[in-house]
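If you read the sequences in order, they're chains A and B. FYI, the numbering for the first sequence is 83 to 305, going by the numbering used here. FYI, the numbering for the second sequence is 174 to 463, going by the numbering used here. In this text, a Cβ means the ideal position worked out from N, Cα and C, and glycines have one as well. Computed from a prediction, not measured in an experiment: that's the story for all the values here.
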Amino acid sequence: MIRAICYKEWIKTRRAFLLSAILLAAYVAYALAHTGSLFRVNGAVAAWGTTILKETFLLPSALRWIPLATALVIGLAQFVPELAERRLKLTLHLPLPETRVLSIMLLHGLALLLALHLATTLLLWLVLARYYPAEILLDLGWRALPWFAAALPGYLFAAWACIEPSWIRRVTNALAAAGALSACYLDAPAGSYLTFLPCLALLVAAAFCAPFQAAARFKEGIQ
Amino acid sequence: MEENVIECERVTHYYGSRLIHEELSFEVKRGKILGLLGKNGTGKTTIINILNGYLTPRKGACRLFGEDSARLSPATKARVGLLLEGHVQHAYFNVDQIERFYSSFYPRWRSDAYRTLLEKLQVSRAQKINTMSRGQRSQVALGLLFAQDPELLVLDDFSMGLDPGYRRLFAEYLKEYAADGNKTIFLTSHIIQDMEMLIDDCIILDYGRVLLHRPAAEILETFRRYRFAGPAAPEGPDFHNSARVGDRWETYSFLPPAEVARRLRDVNARDMQQERLSLEDAFIGLTGKY
Chain A
83 MIRAICYKEW IKTRRAFLLS AILLAAYVAY ALAHTGSLFR VNGAVAAWGT TILKETFLLP
143 SALRWIPLAT ALVIGLAQFV PELAERRLKL TLHLPLPETR VLSIMLLHGL ALLLALHLAT
203 TLLLWLVLAR YYPAEILLDL GWRALPWFAA ALPGYLFAAW ACIEPSWIRR VTNALAAAGA
263 LSACYLDAPA GSYLTFLPCL ALLVAAAFCA PFQAAARFKE GIQ
Chain B
174 MEENVIECER VTHYYGSRLI HEELSFEVKR GKILGLLGKN GTGKTTIINI LNGYLTPRKG
234 ACRLFGEDSA RLSPATKARV GLLLEGHVQH AYFNVDQIER FYSSFYPRWR SDAYRTLLEK
294 LQVSRAQKIN TMSRGQRSQV ALGLLFAQDP ELLVLDDFSM GLDPGYRRLF AEYLKEYAAD
354 GNKTIFLTSH IIQDMEMLID DCIILDYGRV LLHRPAAEIL ETFRRYRFAG PAAPEGPDFH
414 NSARVGDRWE TYSFLPPAEV ARRLRDVNAR DMQQERLSLE DAFIGLTGKY
């Protein structure tokens, strides 16, 4: 039964997954071209110096938003069809505990995101390792971590907003989610998010619970 | 003793301040086909939603197989086949994929029932459900329900959007399905003539209340329309929707014709004609045209 639910979720999300994979692959290719041209034009010393002394982010800035964008694409692809014509009724009518059904659906989406983002991180590391030492790459990782981390609650909040049956609450949920996620987009030096990690874990845990609250409201018939 | 598959007890529900049901109680016994009739807005879908646990009534409760419908166990859900209004299904699947999905959940899955029904459709097994016509989608939904082999079918407006051929096909399949005697069907439809060939019992809803709950055969046998000439129509709860039509009156009643004739004589009526009614006419007679 778990496999059957994952199969259903895969049928819904496979195009979004492919689109996200293409987007991330395009970013990696762009990042490679960008770094290559930086080294060709300015030379390695200038490129390293700028990164170390001025703490300039060495990748194209689109990386801030791409993980969250992929999370939203996958979340919407997965949950908008459930809400169209209120198909969630069919899903929740399956002979399994409702919390288990919803948990499997959410874990499926999170697994897709983790697969995409870990693959992207690995690719970026392999590509950039040709140009920068591990210390600089670790610094880059700490800076990019909150943006990748934001994708997880971002996906869960997208599910929350979709499942919520009332339009007014849906909008307020989306605004609350945007407020919570903005904490991941503060301009801060590398490493400053280290102390934020427990809060981030709490945010993910809260975001995981949110779709269940919306599903309970859906079940009550709130409109 | 016959088992009650569905029990609704004193269900009261409002949307905002608008009363939909007040103290609604009914039961459906195993093996019966019950049709829920009512004009638009009388709360047919509301009852279906309460029965399936997708709406919590303000007061009262419904039970399926003895379980509170708001908290159905997975085992009970496996015994209930649900058709949503508009034959909604997971339309992103194709014909084969959706069977593969559902068959994992139901150990008694009858693939032959699904495939036999789909053979009548001009669709390939790789065709996506969202590219099908409404009629074709209805057959996919029906095939999935039959393959699931549930003890109780809950069908919300099964004839919605279907042409006469598909409506008839749907009704015939349901009749055949129910013929095994152990299946219970609870359904609503706007097309009452489809119900006539199908249902055993009938509940007619008015705004906020049950107008009637009787066997369909009894309604067809005893409820009649009377037309007569005269100065006025008889009054009282035994006469329904009396109205002047042209230069004559018409009224509806469950009373025996001899009793109606006697009452009409009391109001100086003459030239009485009585008519047997179809279920649709009976519905109009009880609820009025408007």
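Item: Residue-level contact to chain B via CB, residue 307 of chain A, 8 Å cutoff; Value: Since the first and last residues shown for chain A are 83 and 305, residue 307 of chain A lies out of range.
Item: Coarse secondary structure for residue 212 of chain A, derived from DSSP in three states; Value: coil
Item: First through last residue of the alpha helix (DSSP H) which encompasses residue 300 of chain B; Value: Premise fails: residue 300 of chain B is in no alpha helix (DSSP H) and is neither H nor E.
Item: For residue 187 of chain B, three-class secondary structure by DSSP; Value: strand
Item: C-alpha gap between residue 214 of chain A and residue 151 of chain A, whole angstroms; Value: 27 Å
Item: Within-8 Å CB hit, residue 277 of chain B to chain A; Value: yes
Item: Length of the line joining the Cα atoms of residue 451 of chain B and residue 383 of chain B; Value: 20 Å
Item: Within chain B, partners of residue 89 of chain A - CB distance below 9 Å; Value: 270, 273, 274, 277
Item: C-alpha gap between residue 214 of chain B and residue 183 of chain B, whole angstroms; Value: 19 Å
Item: Residue closest to residue 227 of chain A, alpha-carbon to alpha-carbon, out of A:145, A:245, A:131; Value: A:145
Item: Rounded straight-line distance, which links the Cα of residue 387 of chain B to that of residue 189 of chain A; Value: 49 Å
Item: Where the beta strand (DSSP E) through residue 384 of chain B begins and ends; Value: 382 to 388
Item: Amino acids of chain A, ordered along the chain, whose beta-carbon sits closer than 7 Å to that of residue 247 of chain B; Value: 177, 178, 179
Item: Local Cβ density within 10 Å of residue 353 of chain B, reported as buried at 16 or more and exposed below that; Value: exposed
Item: Interface residues of the region 93 to 112 of chain A facing chain D [CB-CB below 7 Å]; Value: Of the chains in the structure shown, none is chain D; the protein chains are A and B.
Item: Alpha helix (DSSP H) segment containing residue 305 of chain A, residue limits; Value: Counting along the chain, residue 305 of chain A falls outside any alpha helix (DSSP H), and DSSP gives it neither H nor E.
Item: Inter-residue spacing [alpha-carbon to alpha-carbon] between residue 346 of chain B and residue 305 of chain B; Value: 20 Å
Item: Whole-number beta carbon distance between residue 207 of chain B and residue 376 of chain B, since they are thought to touch under 8 Å; Value: 7 Å
Item: 3 or more residues per run - each beta strand (DSSP E) lying fully within the region 135 to 217 of chain A; Value: none
Item: CB contact below 8 Å: residue 157 of chain A versus chain B; Value: no
Item: Bounding residues of the beta strand (DSSP E) (the contiguous stretch that carries residue 376 of chain B); Value: 374 to 379
Item: Residue 187 of chain A: contacting residues in chain B (beta-carbon distance under 7 Å); Value: Ordered by position in chain B, no residue passes the 7 Å Cβ test against residue 187 of chain A, which lies about 13 Å from the chain.
Item: Between the CA atoms of residue 176 of chain B and residue 240 of chain B - distance to the nearest angstrom; Value: 13 Å
Item: Residue span of the beta strand (DSSP E) that contains residue 93 of chain A, given as start and end; Value: Residue 93 of chain A -> not in any beta strand (DSSP E); alpha helix (DSSP H) instead, spanning 84 to 124.
Item: For residue 212 of chain B and residue 460 of chain B, believed in contact at Cβ under 8 Å, the rounded distance; Value: 6 Å
Item: C-alpha distance - residue 102 of chain A paired with residue 132 of chain A, whole-angstrom precision; Value: 31 Å
Item: Opposing strand residues paired with residue 422 of chain B [DSSP bridges]; Value: B:401, B:417
Item: Residue range of the unbroken alpha helix (DSSP H) whose run includes residue 290 of chain B; Value: 284 to 292
Item: Residue 144 of chain A at chain B interface by Cβ criterion, 8 Å; Value: no
Item: Proximal chain A residues relative to residue 226 of chain B, where beta-carbon distance stays under 7 Å; Value: 301
Item: Close-in-space but distant-in-sequence residues of the same chain around residue 406 of chain B (CB under 6 Å, 5 per side omitted); Value: 415, 422, 424
Item: In DSSP terms, what residue 177 of chain B is bridged to; Value: B:202
Item: Members of the region 209 to 231 of chain A that neighbour chain B once the beta carbon cut-off is set at 8 Å; Value: none
Item: Proximity test, Cβ basis, 8 Å: residue 241 of chain A and chain B; Value: no
Item: Span of the alpha helix (DSSP H) around residue 445 of chain B; Value: No alpha helix (DSSP H) holds residue 445 of chain B; the beta strand (DSSP E) holding it covers 443 to 449.
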